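So the protein lines, in turn, are chains A and B.
Counting in numbering that gives the first Met the number 0, the first sequence runs from 0 upward without gaps.
Counting in numbering that gives the first Met the number 0, the second sequence runs from 0 upward without gaps.
The beta-carbon is built from N, C-alpha and C at its ideal position, and this holds for glycine as well.
Bear in mind the structure is a predicted one, so any value in this text is a computation, not a measurement.
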Amino acid sequence: MENFAPLSGLVGGVMIGLSATLLLLLSGRVAGISGIVGGIFTKGEKSLWRVAFVVGMLFAAVGYVAVVGREGLVELDVSLPLVVLGGLLVGFGTRLGSGCTSGHGVCGIARFSKRSIVATITFFVVAMVTVFIVRHVF
Amino acid sequence: MSRVIVALLTGGLFGLGLAVSGMMNPARVLGFLDFAGDWDPTLAFVMGGALLVTVTTFRFILKSPRPLLEEKFYLPEKGDLDAKLLGGAVLFGVGWGLVGLCPGPALVAVVAEVWPIVAFVAAMLVGMLLHAVTFGRSGKT
Numbered sequence: 000m001e002n003f004a005p006l007s008g009l010v011g012g013v014m015i016g017l018s019a020t021l022l023l024l025l026s027g028r029v030a031g032i033s034g035i036v037g038g039i040f041t042k043g044e045k046s047l048w049r050v051a052f053v054v055g056m057l058f059a060a061v062g063y064v065a066v067v068g069r070e071g072l073v074e075l076d077v078s079l080p081l082v083v084l085g086g087l088l089v090g091f092g093t094r095l096g097s098g099c100t101s102g103h104g105v106c107g108i109a110r111f112s113k114r115s116i117v118a119t120i121t122f123f124v125v126a127m128v129t130v131f132i133v134r135h136v137f
Numbered sequence: 000m001s002r003v004i005v006a007l008l009t010g011g012l013f014g015l016g017l018a019v020s021g022m023m024n025p026a027r028v029l030g031f032l033d034f035a036g037d038w039d040p041t042l043a044f045v046m047g048g049a050l051l052v053t054v055t056t057f058r059f060i061l062k063s064p065r066p067l068l069e070e071k072f073y074l075p076e077k078g079d080l081d082a083k084l085l086g087g088a089v090l091f092g093v094g095w096g097l098v099g100l101c102p103g104p105a106l107v108a109v110v111a112e113v114w115p116i117v118a119f120v121a122a123m124l125v126g127m128l129l130h131a132v133t134f135g136r137s138g139k140t
């Protein structure tokens, strides 16, 4: 557990929770990132606010990198074909399953939605099994 | 206009939260998912911190008749557990476990200019488009 960072995790998590709170309180929307991004591609949706949300995320990330620097911020040690396969599965899966870690995991569980609780348990267990197979079986 | 400003600011806070929490680093996420390896419990503190806030605030917000700037709440309406929910969660779980990136962190990690991240986000958008083409509007959050 040499990388364990409970305080920054907790502080970042509270910020994510506050963001979801403000979006629901002011605009009545759920802060589910797969829904926000996927909704940009869905016909007939009014998407300007979705684009603005993503732009806000990117601005914040650029600011963070400008202050903290890039060193060790993002480490990805997975072969390119697996990265692409993973991206396809995450994109398609989150849309088919109506949400990801934010929509189901943070906002859905907060509403005590049965669908979100089941989805969150499912993708956590499946991801853990996947990591176990990739790292400890092969 | 107000809804765009709210989205910009809440998106910014969300992105900053992902960056501060270390979740834009796939290695840290995989460190949590790898319970049989050198386990890194940080992700549990991120989820815990976020839920600590939302579980408390959502119940009060949802008791009010409408949000402050809109006519109504836009909440997911489906209530039943179906094959799409479970199948989607399984596919997402496999992809998340393979790379360590879910949609929010993947988007913000793009600014680190680690180019496989760009490939991941491009593939993720293709996956979302693929869903829009095959399943249409039926699966939206």
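Environment of residue i [buried if 16+ CB atoms lie within 10 Å]
| i | result |
| --- | --- |
| A:Leu-22 | buried |
| B:Lys-139 | Low per-residue confidence applies at B:Lys-139: pLDDT is 45, beneath 50, and the placement is therefore not dependable enough to give any value. |
| A:Val-67 | exposed |
| A:Ser-78 | exposed |
| A:Met-14 | buried |
| A:Arg-110 | buried |
| B:Val-131 | One point to set straight first is that residue 131 of chain B is Ala, not Val, in the sequence displayed. Buried: at least 16 other Cβ atoms inside 10 Å. |
| A:Ile-35 | buried |
| A:Tyr-63 | buried |
| A:Arg-114 | buried |
| A:Gly-80 | The sequence given here has Pro at residue 80 of chain A, not Gly. The residue is exposed, with fewer than 16 neighbouring Cβ atoms inside 10 Å. |
| B:Ala-49 | buried |
| B:Met-127 | buried |
| B:Pro-104 | buried |
| B:Met-0 | exposed |
| A:Ala-118 | buried |
Cβ-Cβ separation, residue j to residue i (assumed contact under 8 Å), whole Å
| i | j | result |
| --- | --- | --- |
| A:Ala-4 | B:Thr-41 | 5 Å |
| B:Ile-119 | A:Val-82 | Position check: residue 119 of chain B holds Phe in this sequence, whereas Ile was assumed. Right, the Cβ-Cβ distance comes to about 5 Å (below 8 Å), so this counts as a contact. |
| A:Ala-59 | A:Cys-106 | Contact doesn't hold; Cβ gap of about 19 Å is too wide. |
| A:Gly-37 | A:Arg-94 | 5 Å |
| B:Val-19 | A:Val-10 | 6 Å |
| A:Gly-16 | B:Val-5 | Between B:Val-5 and A:Gly-16 the Cβ distance is about 16 Å, and since that is not below 8 Å, they are no contact. |
| B:Val-113 | A:Leu-84 | Their Cβ separation, rounded to whole angstroms, is 18 Å, which puts B:Val-113 and A:Leu-84 out of contact at 8 Å. |
| A:Gly-96 | B:Val-45 | Between B:Val-45 and A:Gly-96 the Cβ distance is about 21 Å, and since that is not below 8 Å, they are no contact. |
| A:Val-130 | B:Met-23 | 18 Å between Cβ atoms; not a contact. |
Residue i CB to nearest heavy atom of the ligand ATP below 8 Å
| i | result |
| --- | --- |
| A:Thr-93 | This structure does not include the ligand ATP; it has no bound ligands of any sort. |
Between the region 92-104 of chain B and the region 79-89 of chain A, do three or more beta carbon pairs fall short of 8 Å? yes
Are there three or more Cβ pairs, one per stretch, closer than 8 Å when the region 23-36 of chain B is compared with the region 4-13 of chain B? no
Runs of alpha helix (DSSP H) wholly within the region 44-130 of chain B (minimum 4 residues, chain order): 82-98 and 102-108
Taking only beta carbons into account, state which residues of the region 22-35 of chain A come closer than 7 Å to chain B, listed in chain order. Leu-22, Leu-23, Leu-24, Leu-25, Ser-26, Gly-27, Arg-28, Val-29, Ala-30, Gly-31, Ile-32, Ser-33 and Gly-34
Name the residues in the region 6-23 of chain A whose C-beta lies less than 9 Å from a C-beta of chain B; which are they? Leu-6, Ser-7, Gly-8, Leu-9, Val-10, Gly-11, Gly-12, Val-13, Met-14, Ile-15, Gly-16, Leu-17, Ser-18, Ala-19, Thr-20, Leu-21, Leu-22 and Leu-23
In chain order, what residues of the region 72-96 of chain B put their CB closer than 9 Å to some CB of chain A? Phe-72, Tyr-73, Leu-74, Pro-75, Lys-77, Gly-78, Asp-79, Leu-80, Asp-81, Lys-83, Leu-84, Leu-85, Gly-86, Gly-87, Ala-88, Val-89, Leu-90, Phe-91, Gly-92, Val-93, Gly-94, Trp-95 and Gly-96
At a cut of 8 Å, does the region 96-110 of chain A reach the region 108-118 of chain B through at least three beta carbon pairs? no
Closer than 9 Å, Cβ to Cβ, to anything on chain B: give me those residues from the region 93-116 of chain A, in chain order. Thr-93, Arg-94, Leu-95, Gly-96, Ser-97, Gly-98, Cys-99, Thr-100, Ser-101, Gly-102, His-103, Gly-104, Val-105, Cys-106, Gly-107, Ile-108, Ala-109, Arg-110, Phe-111, Ser-112, Lys-113, Arg-114 and Ser-115
For the structure I just gave you, are there three or more beta carbon pairs, one from the region 85-95 of chain B and one from the region 42-50 of chain A, closer than 8 Å? no
Write down every uninterrupted run of the alpha helix (DSSP H) in the region 3-72 of chain A whose length is 4 residues or greater and which is fully enclosed by it, in chain order. 5-26, 32-39 and 47-67
For the region 38-51 of chain B, list every residue whose C-beta sits within 9 Å of some C-beta in chain A, in sequence order. Trp-38, Asp-39, Pro-40, Thr-41, Leu-42, Ala-43, Phe-44, Val-45, Met-46, Gly-47, Gly-48, Ala-49, Leu-50 and Leu-51
Taking a cut of 9 Å between CB atoms, which residues from the region 3-26 of chain B lie near chain A? Val-3, Ile-4, Val-5, Ala-6, Leu-7, Leu-8, Thr-9, Gly-10, Gly-11, Leu-12, Phe-13, Gly-14, Leu-15, Gly-16, Leu-17, Ala-18, Val-19, Ser-20, Gly-21, Met-22, Met-23, Asn-24, Pro-25 and Ala-26
Going along the chain, which residues of the region 102-124 of chain B sit with their C-beta nearer than 8 Å to a C-beta in chain A? Pro-102, Gly-103, Ala-105, Leu-106, Val-107, Ala-108, Val-109, Val-110, Ala-111, Glu-112, Val-113, Pro-115, Ile-116, Ala-118, Phe-119, Val-120, Ala-121, Ala-122, Met-123 and Leu-124
Anything in the region 55-67 of chain A with a Cβ closer than 7 Å to a Cβ of chain B? List those residues in chain order, please. Gly-55, Met-56, Leu-57, Phe-58, Ala-59, Ala-60, Val-61, Tyr-63 and Val-64
Members of the region 118-137 of chain A near chain B, C-beta cut-off 9 Å: Ala-118, Thr-119, Ile-120, Thr-121, Phe-122, Phe-123, Val-124, Val-125, Ala-126, Met-127, Val-128, Thr-129, Val-130, Phe-131, Ile-132, Val-133, Arg-134 and His-135
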